[in-house]
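Some notes on the structure that comes next.
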Amino acid sequence: MENATSTEAGQKFQDNKKTVARESGEREDTSYVDDWVGHKKEFSRSSSIGNPNRKRRHDALKRYFASESRSRSRERRRCSSRERSKDRSRRRRRSNTRSTREKCCHIDPEHQHEEILPVYHYKAELMQAVCENRVVVCKGETGSGKTTQFPQYLRDEFDPPGLVGVTQPRRVAAVSVATRVAEERHVKLGEEVGYQIRFEDCTGPQTRIKFVTDGCLVRECLADPLLIKYSFIMLDEAHERSVNTDLLFGLVKRALSMRLDLKLVVTSATLDVKAFAEYFDKCPVKEIPVRTHPVSVYHSKTKVIMTRTGPSSSAYVQSLVDVVIKIHRTQDEGHILAFLTGQDEIDKACSLLTAQAADLGASQGEAGMDLLVLPLYGSLSGEQQLRAFHPVGPGTRKCIVATNIAETSVTVPGVRYVVDSGFVKQKTYNPARRMESLVVVPISRVAAEQRAGRAGRTGPGQCYRLYSRECLEGMMPETVPEICRCNLANVLLYLKVLGVPDVVDFDYFEAPSKDQLAEALLMLHSLGALDDSGQVTPLGQSMARLPLDPALSRAILQAVEEGCLREVLTIAAMLSVENIWFSRKPKPARDKLDRPPERDKEAERAHARFMHPRGDHVTYLMVFAAWEARAFDEQWAKDAFLSLRALKNARNIRQQLEQEVRRATGLTAFSSAKDMEAICRALTAGFFNNAGTRCGAEATTVYKHMEGYMSNEDLKLIYVHPSSALAMNNARKSPLCVIYHELVYTSRPFMRHVLGVERSWLVECRARSGKASLSQLSLGGLQETKERDSRTSTADATEGSKAGIATPRKEKTDQGAVAAARARFLARKEACTGRLKMSV
DNA sequence: TTGTGGTGT
């Protein structure tokens, strides 16, 4: 039904093409009224012209500018021009060799000069706010200059004794912003201005401004909970709400209460700055408005292809294709950015678009343009990704079909048209089942706005939404933050180590559900990281030092006992990276679009050589050892159809783990296993809670879930993932007992990364871990509820996990807490709703 | 019998 509607609408588009007016932007808009409900919208307020405070501000600015230029010239004198040019060439050389720098070219390509950045007009106001308050929340869109200028202002105005630390959610951002700021200040990167990301510390004793990924700063807290090194912390891009940023809210707030000489700046791009201010004791909110270009937003009027729980059909791919073609045929030049949810969808849309554009012929497009269709998603190689950013000739229009990587991570220059499917693929975690699933869910209203804003970066733009305005109103105001949909074991262990005894009552910016907390505490206890009273054990202290999930840390520490540290380190590193198996996916022919693409037999044969009958962990060890034996030869890896990126990543992680293990255990020489048994025993110590026993016949891949620290009655049968070594033909005899790394739900509950183990080891581990009292563990914050233990919900695993977070109504597990969290969340948004409604 | 959004230590 809905399929038919959207195809019909698409057809109507095609038929209407000749009636579309071409004169002016305004007139053109009205021609869409039949299909689209449109309106013009400024994505932010215009700048401060005519402001009564202008004179005062101007005077203040003059003073600041004078003082700034004095300090600049001091800086310049310090650094003679000859040295500067040497620095520049050094920097250039460095940037050519560093992989993280490769991506920087498409992060904010337009290097605006400081003087024209909006933040400049607000310097005096901002500095005054910082002067008078310990915490300031600053709202500013991308392009306001806050990230590059604010830290410099803090440094220059206050000349603090400690560091100005600026967090970024992504590594590329940390590196590129640091590079930019160092350039502006004419200093060598790594001296006055530096950055720190995993595997790379580019700071020195003279460093005063330090850009750092939020994950890195969380780690730093372990050694320095009060952040003594810092005078200012700036939590940038707080609206992205990564687990680490959320965690830092609490940690910095705690540090602020104990240190009077620390100040905090929180910056965010969303409407939700009020909630941040509320959390930090009603601190002031400053706004840096950005003059962006207006974006006309059109909603689909007839198509209702979105339900509250997700897409009701996959028709949106076809309708997205129709809209793109329509834009290409009727609209002026400017690139098109289309949002879909995943690789398959994107590849499919790209084939359809390429074929249709070819049929159309260049002559039919507006001004006779060609359409160059390019995919953009995370698992593409760097080179393939860069194609989306390469400039094209004047006769070509690019259409980039992207995942939400283009929503926050990267900016494609020259985009004037955005087509938004309204969906995103999101990982959700079900703590009651300890199972994660990747589900397609509707985006939030903030995300919808973010996507639309992508059309107004270089000039006036248009955004076509494949959903109605009613759908928009039914969306969540904001994306459910990550901290509410992930496993918390790691987070809670950090908090405990940092001296937060009561992790249930911790002052979270957004409190996780009780189920999440209970699950994580019980898991930490079962691994021996917490004792019966919820205190961190020495073992837990060591585990927290490793940058891994607790189960893997536990396995590594057990490997020390079992004498197989080298092997288990390798396995841990291999389990920490993305898929290592690489296969060419043949492009589906046009007429075969709805059939699955053929499997790559050659790659499969190459992989089969590595598959070990014992299971995946041993297989990974073999793969890495084989690569190591060939001196990490890149060609060998390519020939074996292995992902070079994943392998290199694993090698880096392995190196880092080695260092950390050295520090955590004081070991200098690492043991090496004599047999496979020791390795499997060590892994069992970390993963005995994730275990299954075989059902029936020897060759079956069906297992029954074994009871762990939580009863899991909903989840009876679990399956070996077909990509596992244990699912391959060479594994004739399936092991009686297995442990698995993770449980993912797609069409069934699948175990990923599976290893055969002995039942006696499982029994032994279970006995060692003992039984915990949840109320004791949580210092009375959580109770063993009858519902949790005897929860025998009628739903099968399918429904429950599919529903997950996407369908709040169906979340049966501790409804109270989730409902309460949601209510708080919605209440907080209430204040902003009026503005939201006006703006959409 | 599968196939995976994006981050990060």
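Per full-length UniProt numbering, the very first residue in the first sequence carries number 1; after that it's consecutive.
Here a beta-carbon is modelled for each residue, glycine too, at the ideal position from N, C-alpha and C.
Distance between Y494 and R170 (C-alpha atoms, nearest Å): 21 Å
When V623, A603, F509 and R465 are compared against L340, the one with the closest alpha-carbon: R465
Mind checking P394: buried by the 16 CB within 10 Å criterion, or exposed? exposed
Secondary structure at C138, three-state DSSP: helix, strand or coil? Three-state result, C138: strand.
Reference V568, options L530, A650 and R609, closest by Cα: A650
Range of the contiguous alpha helix (DSSP H) that encloses residue 854: Residue 854 falls outside the range modelled here, since the chain spans only 1 to 840, and no answer is possible.
Buried or exposed: which applies to S116, given that a residue is buried once 16 or more other Cβ atoms fall within 10 Å of its Cβ? Residue identity check: residue 116 is Ile in the sequence provided, not Ser. The residue is exposed, with fewer than 16 neighbouring Cβ atoms inside 10 Å.
What does the Cβ neighbour count give for S553, buried or exposed, with the cut at 16 atoms within 10 Å? So S553 counts as buried.
D322 to V720, Cα distance in whole Å? Roughly 40 Å between the two C-alpha positions.
Whole-angstrom Cβ separation of E436 and A269, contact assumed at under 8 Å? About 28 Å separates the two Cβ atoms, so there is no contact after all.
Alpha carbon to alpha carbon, what distance is there between A625 and F632? 9 Å
Distance check for Q168 and R185, CA to CA, integer angstroms please. 20 Å
Tell me whether G145 is buried or exposed, calling it buried when 16 or more other Cβ atoms sit within 10 Å of its Cβ. buried
Considering just the uninterrupted stretch of the alpha helix (DSSP H) at residue 848, what are its terminal residues? Outside the displayed range of the chain (1 to 840) lies residue 848, so it cannot be described from this structure.
Compare the C-alpha of L762 against each of L774, Y740, T267 and R748 and name the closest. Y740
If you pair each beta-carbon of the segment 482-492 with each one of the segment 438-448, do three or more pairs fall below 8 Å? Flag = no, the segment 482-492 and the segment 438-448 do not touch.
Between which residues of its own chain and S242 is the CB-CB distance below 7 Å, once the five residues before and five after are set aside? P169, D214 and E482
Beta-carbon gap between A455 and R397 smaller than 8 Å: no
Cβ pair L264, L251 closer than 8 Å: No. Outside cutoff.
Can you check DSSP and say which residues form a bridge with Y740? V754
Provide the residue span of the alpha helix (DSSP H) that contains Y377, from first to last. First-last for Y377: undefined, no H or E at that position.
Closest by CA to T207, which one among T746, C221 and V166? V166
So, F641 versus S583, is the Cβ gap smaller than 8 Å? Yes.
Compare the beta carbon distance of A223 and Y195 with 8 Å and say whether it is the shorter of the two. no
Please report the residue range of the alpha helix (DSSP H) in which S760 lies. R759 to S769
Straight-line CA distance for R457 to P413? 8 Å
Please name the residue, chosen from L717, P501 and G756, that lies closest to S747 on a Cα-to-Cα basis. Of the listed residues, the one whose Cα sits closest to S747 is L717.
Let me check understanding here. Comparing Cα to Cα, which of G686, R155 and V504 lies closest to D549? The shortest Cα separation from D549 among G686, R155 and V504 belongs to G686.
Do V290 and G143 count as a contact pair if the criterion is CB distance below 8 Å? Yes, Cβ-Cβ distance for G143 and V290 is below 8 Å.
Rounding to the nearest angstrom, what Cα-Cα distance links residue 843 and L527 in this structure? No information on residue 843 is available, as it lies outside the stretch 1 to 840 that the chain covers here.
What's the call for Q384, buried or exposed, on a 16-neighbour Cβ count within 10 Å? exposed
How far does the beta strand (DSSP E) with E287 in it reach, from first residue to last? V285 to I288
Buried versus exposed call for L260 [16 or more other C-beta atoms within 10 Å across all chains shown]: exposed
For E784 and A678, believed in contact at Cβ under 8 Å, the rounded distance: 36 Å between Cβ atoms; not a contact.
Using a threshold of 8 Å, state whether the C-beta atoms of H617 and I580 are closer than that. no
Of the residues H239, T479, T203 and K733, the one placed nearest L699, counting alpha carbons only: Position check: residue 699 holds Ala in this sequence, whereas Leu was assumed. In terms of Cα proximity to A699, the closest of H239, T479, T203 and K733 is K733.
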